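J.: For what it's worth, our numbering labels the leading residue of the sequence shown as 6, then goes sequentially. Ideal placement from N, C-alpha and C gives every residue a C-beta, glycine not left out. Small disclaimer: the values here were computed from a predicted structure and weren't measured.
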Amino acid sequence: MCGRFAITLPNDAMAQLFAAAPANDLPSVPNYNVCPATRIHVVASDGGQRQLTAMRWGFVPHWYQRETAGPLLINARAETLAQKPAFAEACRSRRCLIPAAGFYEWTKDAAGSRLPWYVQHRDCEPIAFAGIWQSWGPEALKTCAIVTTSANQTLKPIHHRMPLILPSQDWDLWLGEAGKGAARLMQPGAEGALIAHRVAPVVNSNRAAGPELIEPFFDGTANTRSVSQTGQTGSEGADRENSETEYPEPDSPVAARPATNGATKRKDIAACPDQAPGQDLDLAPDQSPGKAPDQTKRQGRLF
Numbered sequence: 006m007c008g009r010f011a012i013t014l015p016n017d018a019m020a021q022l023f024a025a026a027p028a029n030d031l032p033s034v035p036n037y038n039v040c041p042a043t044r045i046h047v048v049a050s051d052g053g054q055r056q057l058t059a060m061r062w063g064f065v066p067h068w069y070q071r072e073t074a075g076p077l078l079i080n081a082r083a084e085t086l087a088q089k090p091a092f093a094e095a096c097r098s099r100r101c102l103i104p105a106a107g108f109y110e111w112t113k114d115a116a117g118s119r120l121p122w123y124v125q126h127r128d129c130e131p132i133a134f135a136g137i138w139q140s141w142g143p144e145a146l147k148t149c150a151i152v153t154t155s156a157n158q159t160l161k162p163i164h165h166r167m168p169l170i171l172p173s174q175d176w177d178l179w180l181g182e183a184g185k186g187a188a189r190l191m192q193p194g195a196e197g198a199l200i201a202h203r204v205a206p207v208v209n210s211n212r213a214a215g216p217e218l219i220e221p222f223f224d225g226t227a228n229t230r231s232v233s234q235t236g237q238t239g240s241e242g243a244d245r246e247n248s249e250t251e252y253p254e255p256d257s258p259v260a261a262r263p264a265t266n267g268a269t270k271r272k273d274i275a276a277c278p279d280q281a282p283g284q285d286l287d288l289a290p291d292q293s294p295g296k297a298p299d300q301t302k303r304q305g306r307l308f
């Protein structure tokens, strides 16, 4: 899943990275706690011309009478993307990229406390989530969702889902600039490409801000055990609509860290200096509440 993430790359550098023309009203960066229902950076292509623009994170199906008429659709499952009435058309013709530096996930400890983790590229390079978008309502509000897949073995100890992350060589295919065949990209990411470390519980609040949110955090014991040994995962409630998921502790995919006495932040193990470039909600129901879609459910076709 992806329910919150961080973005640190300046707008001009982001536009250069994606070879996209930047809009004038882009969200402020850096932002270490990007939350659902806010405006986020999105790269879309129109006739082969890429645009870096802002969209509301939370896909609004066309039959919603108001933005809040149904679940807040921040994620869309790759496995059913082409069949869900909410997403079927967008997955064929309105795909996008969503830049990030990394994203947050949560596990629970034996006492039920939420343990936040920060996941990023192993070499601290920016991440590009695969997304879909559409305009909604009389004012053509642009909204988007992040596509997710089952987790690979690296991230499975943290959560059973993960965002679909695309390497740069696949951006043109996902954006529709290189013809058809984007469906083949919807696979879990490469093993070992991502790493994760525990971060301070302050990030559990949507109002938290600042670069300290992504700094490694040590509580003396939890970070010295392998994730697979904890017996805790972030999958509880992950299949419920509008639910916030929980997440792990570093060791296997998340590299083991030496313990310290007490809960402290390690200054000597910084999370990628000057790195550039997520309440976890689940997917759309087969049919949204309220007015039924005027199209029937389509069977999966390659797009």
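Any idea what DSSP makes of Ala-83, helix, strand or coil?
T.: Within the sequence shown, numbered from 1, the residue matching residue 83 stands at position 78. Residue state, collapsed to three classes: helix.
J.: Could you pull the start and end residues of the beta strand (DSSP E) that Gln-174 belongs to?
T.: In the sequence shown, residue 174 corresponds to position 169, counting from 1. First-last for Gln-174: undefined, no H or E at that position.
J.: Checking 8 Å against the spacing of the C-beta atoms, do Phe-153 and Phe-64 come in under that value?
T.: Numbered from its first residue, the sequence shown carries residue 153 at position 148. Numbered from its first residue, the sequence shown carries residue 64 at position 59. Looking at the sequence provided, one finds Thr at residue 153 rather than Phe. No. Outside cutoff.
J.: Here's the rule I'm using: 16 or more other beta-carbon atoms within 10 Å means buried, otherwise exposed. How should Asn-38 be labelled?
T.: As a first step, residue 38 is located in the sequence shown; it is residue number 33 there, counting from the start. Per the 10 Å Cβ criterion, buried.
J.: Strictly by DSSP, which residues pair up with Gln-88?
T.: To locate residue 88, count along the sequence shown from 1; it is residue 83. Its beta-bridge partners do not exist; DSSP assigns none.
J.: Could you work out which residue in Arg-55, Met-191, Ser-118, Phe-223 is closest to Arg-82 when comparing CA atoms only?
T.: Looking up residue 82 in the sequence shown gives position 77. The option with the nearest alpha carbon to Arg-82 is Met-191.
J.: What would DSSP say about Glu-110, mapped onto helix, strand or coil?
T.: The residue labelled residue 110 in the question sits at position 105 within the sequence shown. Strand.
J.: Among Cys-7, Ala-42, Val-47, Asn-36, whose alpha-carbon lies nearest the alpha-carbon of Ala-26?
T.: Stepping through the sequence shown from its first residue, residue 26 is reached at position 21. Considering only alpha carbons, the answer is Val-47.
J.: What number of angstroms, rounded off, separates the C-alpha of Leu-22 from the C-alpha of Asp-30?
T.: Locating residue 22 in the sequence shown gives position 17, where the first residue counts as 1. Locating residue 30 in the sequence shown gives position 25, where the first residue counts as 1. Each residue's Cα considered, the two are about 18 Å apart.
J.: Let me check understanding here. Comparing Cα to Cα, which of Glu-110, Leu-14, Gly-184 lies closest to Val-204?
T.: Here residue 204 refers to the residue found at position 199 when the sequence shown is read from its first residue. Among Glu-110, Leu-14, Gly-184, the Cα nearest to that of Val-204 is on Glu-110.
J.: Suppose the cutoff is 8 Å on Cβ atoms and the five residues either side in sequence are ignored; what does the same chain contact list for Arg-127 look like?
T.: Residue mapping note: residue 127 aligns to position 122 of the sequence shown, counting from 1. Cβ neighbours of Arg-127 beyond the five flanking positions: Gly-197, Ala-198, Leu-199, Ile-200.
J.: If the criterion is Cβ atoms closer than 8 Å, does the pair Ile-170 and Gly-136 meet it?
T.: Here residue 170 is taken as the residue at index 165 of the sequence shown, counted from 1. Here residue 136 is taken as the residue at index 131 of the sequence shown, counted from 1. Going by C-beta atoms, Ile-170 is not nearer than 8 Å to Gly-136.
J.: Mind listing, in chain order, the continuous alpha helix (DSSP H) runs of no fewer than 4 residues lying wholly within the stretch 124-212?
T.: For the stretch 124-212, whole alpha helix (DSSP H) runs of length 4 or above, ordered along the chain, are 176-179.
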